[in-house]
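Chains D and A supply the protein sequences, listed in that same order. Here our numbering is used: position 52 in the first sequence is 55, and no number is missing along the way. Here our numbering is used: position 355 in the second sequence is 360, and no number is missing along the way. Here the structure comes first, spelled out in structure tokens, and everything after it is commentary.
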Amino acid sequence: MPASAASVAPPRALAPARARPRTKRRRFQVTPLGLLGWLFLAFLLLFTVVPMAWMVSTSLKSEFAAIQQPPVWIPSEPSLDQYTRLLSPAGETGRQFLTYLRNSVWVSLATTVIGLVVAVPAAYAFSRFTFPGRDMLFFSVLVRNMFPAVVFLIPLFILMRRMNLYGSQWSLILTYLTFGLPLSIWLLKGFYDNIPPELERAARIDGATRFQAFRLIVLPLSAPGLVATAIYAFIQGWNEYVYARTFITDESKMTMPVGLEKFFTEYASNWPGLMAASFIMSVPVVVLFLLLQRYFVQALTEGAVKH
Amino acid sequence: MTLRRTPELDRLARLHLSRRSLLAASAGLAGAAMLPRGAFALSQDATNAKTGVDPNRFTPETIRQLAGTITVDTAAELHALVPADTAGEVMYWNVGPTEASSAVEKRFYDEFLAAFATYYPNIELQNQNLDYNGMLDTIRTAAEGRAAPAVAKMPILWGVEFAAKGQLQEVTLEEFGLSRELFWEGALKSVTWEDKLYGIPTNNETMAFIWNRALFEQAGLPPDQPPATWADVVRYSKQIKDETGKNGYGMVAKENAGNTPFRYMPMLWAYGGSALDEAEENPTYQTSMINTEGGIAALQNFYDMYVTDRSVPTSALTNTQVENQDLFMAGELAMMIAHPSEYAAIRDRAAKATGQDKARAEEIVANMVYGLIPEGPVRRAVVFGGSNIHIMTEEVHGGPIDRDAARALIAAQTYPEWSLKNAWAGSNPANLRGFETEWMKQRLDEIRFLENTTSMLPYGIPFPVVPQSTEIMNVIVPQMIQNALTETLSVEDAANDAAEQINALAVRA
């Protein structure tokens, strides 16, 4: 049975990139417009890279050196002290920081996994099934996104408290799901809409159940969409501050964005410590994105175009 | 609840002892009067009506004399109030030290938690250290959501808002074994709403003026003399910018940052203006005086420095004091109003510098001079700041509050030892007995800057004790400054606009 289902070839438009016929590489030519484009891209790159480079540079300085004028790009006496302190479980700072890191990983992963588990069947249902009130329900899912997140702060706070979830990381996971799910469903529905229902029908004719057709045909074809949705959900959970600040007051349950506050006081900032913590915080997201960028870009292009 | 006989109450009965120490202090004062007093000279003779700080009792000299005249046994005093075997739990929120705080602040914070666990091993203290910028909104949200802590220690400006909303429990000093004489009157006023007490002061402080001697010298200014008046500040600031290219005065004008009113109000008050009428002898908090002639003159000073002379950091509109401190540390800023804890923070950062930076850092610290905040045509003034500790109502806590556990915690925070140690680098003990302890002596030796902030105490003016204070100080006042500095409105219009907003708030109240 799976063999026959697998034998159904995906349409040309959805075939993996490697299956496409090779085209002869054109000779690189410098045109004024092209040059302008490159310059613009280089500017954008600078805009992205310079803050990251400055973050790394500052994290290697002493507190005093970090505030000197004029600013110096290359520290005269670079030191990994801040990183050592942050990542060493032997010290109080390190223990605290690693706890924030662990909490962020847990909250973001849980948000991602639960979000996918809910969004995938929901988006599929919106894409494939016709039922009364479908369009209204689909658009009502998006209504939440019409309002700024902070509007829901007090209502959700009260809700979480009544559900005895205030102070628990589940309050964050549920909150992030309420914000992330609508877009995830919307994104995935676009993908499912682009997968011809004929493929599933062919699988059904070959004896697959609806779930098998979904699992063996639709899911693999929508992998880029799943990856994009997962990355989106993860980043949202990873970076969120306002709700994490409000719902969690116990330091042992705080997440990284709130933990970064520990480098400020009313009158002073530990800039190198803050930059080192920010750099460490950005690493998982960057690595995740680098590993999965092929799928992400594919998702952005394919999900956006109606075939 | 039965009141127990406590050492604090006993002490009141034996007030002559304190008088004796005061006599000793007076003798010290007489001796000290023969010494050159320079920047510490005080012009006020009578007790400051605003704060209750007696300028004769609280001078650098008398405080030094008072220090170490008593010894306290904190555990015994606490156990006389709440027995050691009391069991219970208390959720406690406070603004504690962070990674950026000085080592000494962090050490005493941890030591207090450890000490409380030994005083009351059966009381579970659920301590939450929140950051200064986030705590107000967090506690507001928590109170609305019925999840506020049982006890909260808040900056002096915040408490009255919660008291007016009925979210704080009324307390009496006696239930903590305390009495009015142990606190400055201004400190008690800050926890009083409609003649009822809603908290206990934990610490009180005033800021001082700090400047870079080397930059003054380069600009051709007397290196050891701070500007005497706010008009001098404007003049000095321009001269420093013109002669050295560095920023003169450390202006702060960011909205919603407590730093801004703490640095603007001293000048406004000095010129005879005020947000409401808090600087007047008998404030009614009914009408704004921010657009009086003096109020406009004060705002004009900021305008002159920022727009006309360009002698302050261009980032002043978004600066908090943190950024000013960085500029000062970098030798890019010549003078600013500084909180006592900044002195410790600057020294701490200098101590951590290595290699070539070490010499520069030491140079900055060596050139750091401190004195009184300048005066204006009407008075010399400074914000009377500090923190108070409160018990929230059971309604906003969302459940019963263990009053004995709360009393034990509040007593531990407000009795002399921890009232002093928890304010080590940044404030003064609100409990005046703290000034007489042996730890005060050690503290004065370690942090010389405290002598200046102490000298400013008699000039302290508390923020208006009205629930709208946070909005007035953190939003309306900074917006007024920004409107003037960005020339969105003229100086006069900006002041009038602010007055209108404040009056509207007062009417709504």
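Just so it is clear, CB atoms sit at the ideal spot from N, CA and C, and this is done for glycine as well. Predicted model only: the values in this text are computed from it and were never measured.
Please report the distance separating the alpha-carbon of residue i from that of residue j.
i         : j         : result
LYS446(A) : ASP115(A) : 21 angstroms
LEU224(D) : GLU347(A) : 60 angstroms
PRO434(A) : ARG385(A) : 23 angstroms
ASN132(A) : ASN209(A) : 22 angstroms
ASN102(D) : LEU90(D)  : The question names Asn, but residue 102(D) in the sequence shown is Thr. Going by the C-alpha atoms only, they are around 10 angstroms apart.
TYR169(D) : ARG412(A) : 26 angstroms
LYS259(A) : GLN326(A) : 9 angstroms
THR359(A) : LEU187(A) : 45 angstroms
MET140(A) : GLU298(A) : 36 angstroms
PRO463(A) : PHE440(A) : 16 angstroms
THR252(D) : ASN479(A) : 24 angstroms
SER82(D)  : GLU264(D) : 22 angstroms
TYR212(A) : ALA349(A) : For the sequence presented, residue 212(A) should be read as Met rather than Tyr. Each residue's alpha carbon lies about 13 angstroms from the other.
ALA224(A) : PHE267(D) : 33 angstroms
MET149(D) : MET55(D)  : 32 angstroms
GLU129(A) : ASN138(A) : 27 angstroms
THR249(A) : LEU220(A) : 7 angstroms
ILE198(D) : TRP98(A)  : 54 angstroms
TYR308(A) : LEU490(A) : 6 angstroms
LEU104(D) : ARG315(A) : 44 angstroms
Are the beta-carbon atoms of residue i and residue j separated by less than 8 angstroms?
i         : j         : result
SER281(D) : MET58(D)  : yes
THR232(D) : ALA122(D) : yes
GLN71(D)  : ALA335(A) : yes
MET341(A) : ASN329(A) : yes
SER242(A) : VAL317(A) : yes
ASP353(A) : ALA68(D)  : no
GLY281(A) : PRO154(A) : Sequence inspection shows Leu at residue 281(A); the Gly mentioned does not correspond to that position. Their beta carbons are not under 8 angstroms apart, which means LEU281(A) does not touch PRO154(A) by this criterion.
TYR298(D) : ALA236(D) : no
TYR179(D) : GLY240(D) : yes
GLN305(A) : VAL77(A)  : no
LEU145(D) : TRP189(D) : yes
Using beta carbons (cut-off 8 angstroms, strictly below), is residue i in contact with chain D?
i         : result
TYR137(A) : yes
THR146(A) : yes
GLN361(A) : yes
LYS246(A) : no
GLN506(A) : no
GLU104(A) : yes
ALA284(A) : no
THR1(A)   : An answer regarding residue 1(A) cannot be provided, because it is not within the stretch 6 to 514 covered by chain A.
Could you please give the first and the last residue of the uninterrupted beta strand (DSSP E) stretch that includes residue i?
i         : result
GLN131(A) : 128-135
LEU338(A) : 338-343
GLU210(A) : 205-210
GLU94(A)  : 93-100
PHE214(A) : 213-217
SER424(A) : From DSSP, SER424(A) is part of no beta strand (DSSP E) but of the alpha helix (DSSP H) over 421-426.
Between residue i and chain A, is there a C-beta pair that is closer than 8 angstroms?
i         : result
SER60(D)  : no
PHE67(D)  : yes
ILE70(D)  : yes
ARG248(D) : yes
THR102(D) : no
THR181(D) : no
THR252(D) : yes
THR87(D)  : no
PRO19(D)  : Below a pLDDT of 50, predicted positions are generally treated as unreliable, and PRO19(D), at 46, falls in that range; the measurement from the model is reported next regardless. Chain A contact via Cβ: absent.
SER79(D)  : yes
THR96(D)  : yes
Hey, could you find the ends of the alpha helix (DSSP H) residue i is sitting in?
i         : result
TYR1(D)   : The requested residue 1(D) is not part of the displayed model; chain D covers only 4 to 310.
ILE188(D) : 172-197
THR265(A) : 264-275
MET55(D)  : 35-62
ASN306(A) : 298-308
PRO227(D) : 226-242
Check your understanding: For the segment 150-169 of chain D, which residues have a beta carbon sitting closer than 7 angstroms to at least one beta carbon of chain A?
Key -> Under the 7 angstroms Cβ criterion, the segment 150-169 of chain D contributes LEU156, ILE157, PHE160, ILE161, ARG164 and TYR169.
Practice item. With 9 angstroms as the C-beta to C-beta threshold (strictly closer), list the residues of the segment 197-228 of chain D near chain A in chain order. Key: none
**Study point:** Within 7 angstroms of chain A by C-beta, residues of the segment 258-277 of chain D in sequence order
**Key:** Answer in chain order: GLU264, LYS265, PHE266, PHE267, THR268, GLU269, TYR270, ALA271, SER272, ASN273 and GLY276.
**Study point:** Contact set between the segment 345-357 of chain A and chain D, restricted to residues whose Cβ is under 7 angstroms from the partner
**Key:** Among the residues of the segment 345-357 of chain A, those with a Cβ less than 7 angstroms away from any Cβ of chain D are SER346, GLU347, ALA350, ARG354, ALA355 and LYS357, in the order of the chain.
Practice item. Please list the residues of the segment 310-338 of chain A that have a C-beta atom closer than 7 angstroms to any C-beta atom in chain D, keeping them in chain order. Key: GLN326, VAL327, GLN330, ASP331, MET334, ALA335 and GLU337
Check your understanding: Quick one, which residues of the segment 422-453 of chain A are near chain D if we go by CB-CB under 9 angstroms, in chain order?
Key -> GLY431
**Study point:** Residues of the segment 361-377 of chain A whose Cβ lies closer than 7 angstroms to any Cβ of chain D, in chain order
**Key:** Per Cβ criterion, the list reads GLN361, ASP362 and ALA366.
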